[in-house]
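Colleague:
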Amino acid sequence: MMLHATTNPTTQIHGILVGTNSSNITITDAIPVCHTPPTKPILDMALRITQAFIADDDTGSSQIVGWYTANERSNDDKVSPPTWKIVQSIDPDNGILAIITSDSFDSLLQMKCDQDGRGRGFEVYSMQETEMPMACSSVSVEEGDWVEVANSVADACLGDGAVVYDFENQLEGGMKGLKNKSVDWLRNSHVQKLL
Amino acid sequence: MASTTIAKMDLDALLKDSSKSPLTILEYIHDHKLHEPAIVLKLGIPLRKANLAPSQLLSVLEQIIIAALHQKKIELASETLTQIKASTGANSLRYRKLLALCLESAGDFEASLGIYNDMLSDNKSNVYALKRKYAILRSQLKDLEARECLNDYLEQNASDAPAWVEMAKSCFEQGDYKGAAFCYEEIVLSSPMDTGVHCTLGELYVTIGGKDNYVLARKHFAQCLELEKGCIRAMFGLVSATESYLDLMECQLSSSGSGKKRGKDSCWDEQDVELVRDLKAYGVEHLIKSYKGTNMSGLVETILSNSEN
Numbered sequence: 001m002m003l004h005a006t007t008n009p010t011t012q013i014h015g016i017l018v019g020t021n022s023s024n025i026t027i028t029d030a031i032p033v034c035h036t037p038p039t040k041p042i043l044d045m046a047l048r049i050t051q052a053f054i055a056d057d058d059t060g061s062s063q064i065v066g067w068y069t070a071n072e073r074s075n076d077d078k079v080s081p082p083t084w085k086i087v088q089s090i091d092p093d094n095g096i097l098a099i100i101t102s103d104s105f106d107s108l109l110q111m112k113c114d115q116d117g118r119g120r121g122f123e124v125y126s127m128q129e130t131e132m133p134m135a136c137s138s139v140s141v142e143e144g145d146w147v148e149v150a151n152s153v154a155d156a157c158l159g160d161g162a163v164v165y166d167f168e169n170q171l172e173g174g175m176k177g178l179k180n181k182s183v184d185w186l187r188n189s190h191v192q193k194l195l
Numbered sequence: 196m197a198s199t200t201i202a203k204m205d206l207d208a209l210l211k212d213s214s215k216s217p218l219t220i221l222e223y224i225h226d227h228k229l230h231e232p233a234i235v236l237k238l239g240i241p242l243r244k245a246n247l248a249p250s251q252l253l254s255v256l257e258q259i260i261i262a263a264l265h266q267k268k269i270e271l272a273s274e275t276l277t278q279i280k281a282s283t284g285a286n287s288l289r290y291r292k293l294l295a296l297c298l299e300s301a302g303d304f305e306a307s308l309g310i311y312n313d314m315l316s317d318n319k320s321n322v323y324a325l326k327r328k329y330a331i332l333r334s335q336l337k338d339l340e341a342r343e344c345l346n347d348y349l350e351q352n353a354s355d356a357p358a359w360v361e362m363a364k365s366c367f368e369q370g371d372y373k374g375a376a377f378c379y380e381e382i383v384l385s386s387p388m389d390t391g392v393h394c395t396l397g398e399l400y401v402t403i404g405g406k407d408n409y410v411l412a413r414k415h416f417a418q419c420l421e422l423e424k425g426c427i428r429a430m431f432g433l434v435s436a437t438e439s440y441l442d443l444m445e446c447q448l449s450s451s452g453s454g455k456k457r458g459k460d461s462c463w464d465e466q467d468v469e470l471v472r473d474l475k476a477y478g479v480e481h482l483i484k485s486y487k488g489t490n491m492s493g494l495v496e497t498i499l500s501n502s503e504n
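Structure, rendered in structure tokens:
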């Protein structure tokens, strides 16, 4: 998510959150979709391709659980009406939205995230709680702690060659771009090496 | 972009040529609209006290102020501005523009807005003031006022395509897709051969929805593919537009309940529906062909084959 934001620092970004939904919602992957306002064809195709991609997954328990976004302007942390509509269409009851917020992202990049997750870079909203973001205590990391995770993400974001490709990048590349295996927006496997 | 690169290469040559005066180099940077604040400050600061013609001195001072603001040297900008004020007076339009820019850099947006509003009350068509006012309002997240300001600008400058793009962006953010489509219709008038504009317009019409809009959408995607045969985005858009059209038709026919088929009494023309099916098949075939040999080939074939069923 953060790499998608640092790759496209002057535009809004959008992507799909993949995970599992049992007693809690666990996010296991973030798939970048676009860096311009999303339209129905792009959204539709990205969701369908992602659905087919995770259906190939060995465990078979993954599903699309929500959406992530970041606004174009700094200090603009409001969730836009189109973004809410997207989350509603994904899951009207349990959909979640992660939005990268300016001050928090700034803290992350300065490695000022604390143990409670303040300064982790993003806020999380659920379809039940659309007015206020979920409390820090409701959002946790599965492995390690917030400081460790946030600092390694900050390192990756500030490092050389830290780019993430989204679905729109692949479309912009045209037919030649499709042959370019590094523009793999579903896997972005080079990101694994950064962390 | 190419001309900027050439201008920059020529600037490097000028800088190495010791026979060229600092004033010549500064004039070159100004005429070619190059962004070189460090060079401007290095060459310009010693010229502040030089014995230049008044118009030349004012140009140099203005360049120094802009460069100083880019380098966040507010004090230097302020001192230079005082020098300009002594020469032109506080009522000069040029001085007021620079003052407003300095105030913006210092974060005093209210004061700078006041100056731009004064300029606009003197002359409603002051393009510079309108643009700066819009930029300030947009950065302050005052979207309604920013949109009104941009609207005022567009009423007087309807041929400014980048301004229409800006308005479309504002509409997108509010979920006003009809407004965004209106803006892109203006843009396509000035850029009819731009595939990106046709693609965006097509996507907007699919997003808005409705039979007539799906028809418009497929026309724009078809035009995009006419201009650029390998445009993957347009192929996806065409499949999406045709699928949406057919889904809407199925939905309306099944909800009418009478089993009324397409034909003379129906609003769904038989020939048009067949055309839509052909267009969809065309899009699907070309997408599968384009993705063949890539690591997404299987996935794309799966989703597009499912859509055909």
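Chains as they are written, first to last, in our numbering: chain Y, 1 to 195; chain X, 196 to 504. Note that the Cβ used here is the ideal one computed from N, Cα and C, for glycine as well.
#1: In three-state DSSP terms, what is asparagine 408 of chain X?
#2: Among residues of its own chain, excluding the 5 on either side of tryptophan 359 of chain X, which ones have a beta-carbon nearer than 8 Å to its beta-carbon?
#3: Applying the criterion that 16 or more other CB atoms from any shown protein chain within 10 Å of the CB defines a buried residue, is leucine 345 of chain X buried or exposed?
#4: How big is the Cα-Cα spacing for glutamate 231 of chain X and tryptophan 67 of chain Y?
#5: Looking only at its own chain, which residues have a Cβ that is under 7 Å from the Cβ of leucine 235 of chain X, when we skip the five neighbours before and after it?
#6: Taking only the alpha-carbon atoms, compute the straight-line gap between tryptophan 185 of chain Y and serine 89 of chain Y and give it to the nearest angstrom.
#7: Buried or exposed, going by whether 16 or more other CB atoms sit within 10 Å of the CB of glutamate 129 of chain Y?
#8: Chain X partners of serine 80 of chain Y, CB-CB under 8 Å?
#9: So, is the C-beta of leucine 336 of chain X closer than 7 Å to a C-beta in chain Y?
#10: Say the cut is 6 Å; is the CB of methionine 444 of chain X nearer than that to a heavy atom of the ligand GTP?
#11: Quick check on the DSSP output: the beta strand (DSSP E) that includes aspartate 303 of chain X runs from which residue to which?
#12: Please state whether DSSP places leucine 271 of chain X in a helix, a strand or coil.
#13: Check whether the Cβ atoms of tyrosine 440 of chain X and leucine 399 of chain X lie closer than 7 Å to each other.
#14: Need the endpoints of the alpha helix (DSSP H) that isoleucine 224 of chain X sits in, please.
#15: Mind the definition here: the region 174–184 of chain Y touches the region 149–161 of chain Y only if three or more C-beta pairs lie below 8 Å; say whether that holds.
#16: Between which two residues does the alpha helix (DSSP H) containing glycine 149 of chain Y stretch?
#17: Whose Cβ in chain X lies nearer than 8 Å to the Cβ of phenylalanine 105 of chain Y?
#18: Near glycine 397 of chain X, what residues of its chain come up, given a Cβ to Cβ distance below 6 Å and the 5 sequence neighbours on each side ignored?
#19: Exposed or buried, threonine 199 of chain X, counting other C-beta atoms within 10 Å across all chains shown (16 or more means buried)?
#20: Could you name the residues that DSSP lists as bridge partners for proline 32 of chain Y?
#21: Against chain X, which members of the region 147–180 of chain Y pass a CB distance test of less than 7 Å?
#22: Would you mind reading off the limits of the alpha helix (DSSP H) that contains tyrosine 68 of chain Y?
#23: When DSSP labels each residue in this structure, what does tyrosine 125 of chain Y get in the three-state scheme?
#24: Of all the CB atoms in chain Y, is at least one closer than 7 Å to the CB of phenylalanine 431 of chain X?
#25: Does the beta carbon of threonine 39 of chain Y sit closer than 7 Å to a beta carbon anywhere in chain X?
#26: Would you call arginine 327 of chain X buried or exposed, if buried means 16 or more other Cβ atoms sit within 10 Å of its Cβ?
#27: Compute the Euclidean distance between the alpha carbons of methionine 1 of chain Y and histidine 190 of chain Y, then round it to the nearest angstrom.
#28: Considering leucine 345 of chain X, what are the terminal residues of the alpha helix (DSSP H) in which it resides?
#29: If you run the structure through DSSP and keep just helix, strand and coil, what is threonine 26 of chain Y?
#30: Going by DSSP, what residues sit across from threonine 20 of chain Y in a beta bridge?
#31: Is serine 485 of chain X close to chain Y, meaning its C-beta is less than 7 Å from at least one C-beta of that chain?
#32: Going straight from the alpha carbon of asparagine 202 of chain Y to that of valine 65 of chain Y, what length do you get?
#33: Three or more C-beta pairs closer than 8 Å, one from the region 263–272 of chain X and one from the region 281–289 of chain X: is that the case here?
#34: Leucine 247 of chain X lies in the beta strand (DSSP E); which residues open and close that run?
#35: When the Cα atoms are used, what is the spatial distance from cysteine 462 of chain X to valine 471 of chain X?
#36: To which residues does DSSP link alanine 98 of chain Y through a beta bridge?
Modeller: Looking at the coordinates:
#1: helix
#2: Leu349, Cys378, Tyr379, Glu381, Ile382
#3: Counting the other CB atoms within 10 Å of its CB gives leucine 345 of chain X a total of 16 or more, which places it among the buried residues.
#4: 41 Å
#5: Note that residue 235 of chain X corresponds to valine in the displayed sequence, not to leucine. Only Leu221, Ile224, Gln258, Ile259, Ala262 meet the Cβ criterion.
#6: 22 Å
#7: Counting other Cβ atoms within 10 Å of its Cβ, glutamate 129 of chain Y stays below 16 and is therefore classed as exposed.
#8: The contacting residues are Glu368, Gln369, Gly370.
#9: yes
#10: Among the ligands in the structure shown, none appear at all, so the ligand GTP cannot be discussed.
#11: First-last for aspartate 303 of chain X: undefined, no H or E at that position.
#12: Judged by DSSP in its simplified three-state form, leucine 271 of chain X adopts helix.
#13: Contact check for tyrosine 440 of chain X against leucine 399 of chain X fails: the beta carbons are separated by 7 Å or more.
#14: 217–226
#15: no
#16: Residue identity check: residue 149 of chain Y is valine in the sequence provided, not glycine. Note, valine 149 of chain Y: alpha helix (DSSP H), 146–158.
#17: Correct list: empty, because the minimum Cβ distance to chain X is about 17 Å.
#18: So the list reads Ala412, His415, Phe416, Gly432, once near-sequence residues are dropped.
#19: exposed
#20: Y:Gly15
#21: Leu171, Gly174, Met175, Leu178, Lys179
#22: Annotation: tyrosine 68 of chain Y is outside any alpha helix (DSSP H); the continuous beta strand (DSSP E) that includes it extends over 63–70.
#23: It is a strand residue.
#24: yes
#25: yes
#26: buried
#27: 14 Å
#28: 338–351
#29: strand
#30: Y:Thr26
#31: Among the CB atoms of chain Y, one or more fall inside 7 Å of the CB of serine 485 of chain X.
#32: Coverage of chain Y is limited to positions 1 through 195, which leaves residue 202 of chain Y absent and any answer about it impossible.
#33: Touching, no.
#34: That residue, leucine 247 of chain X, is in no beta strand (DSSP E); it is neither H nor E in DSSP.
#35: Their backbone Cα atoms lie some 15 Å apart in a straight line.
#36: Y:Tyr68, Y:Val124
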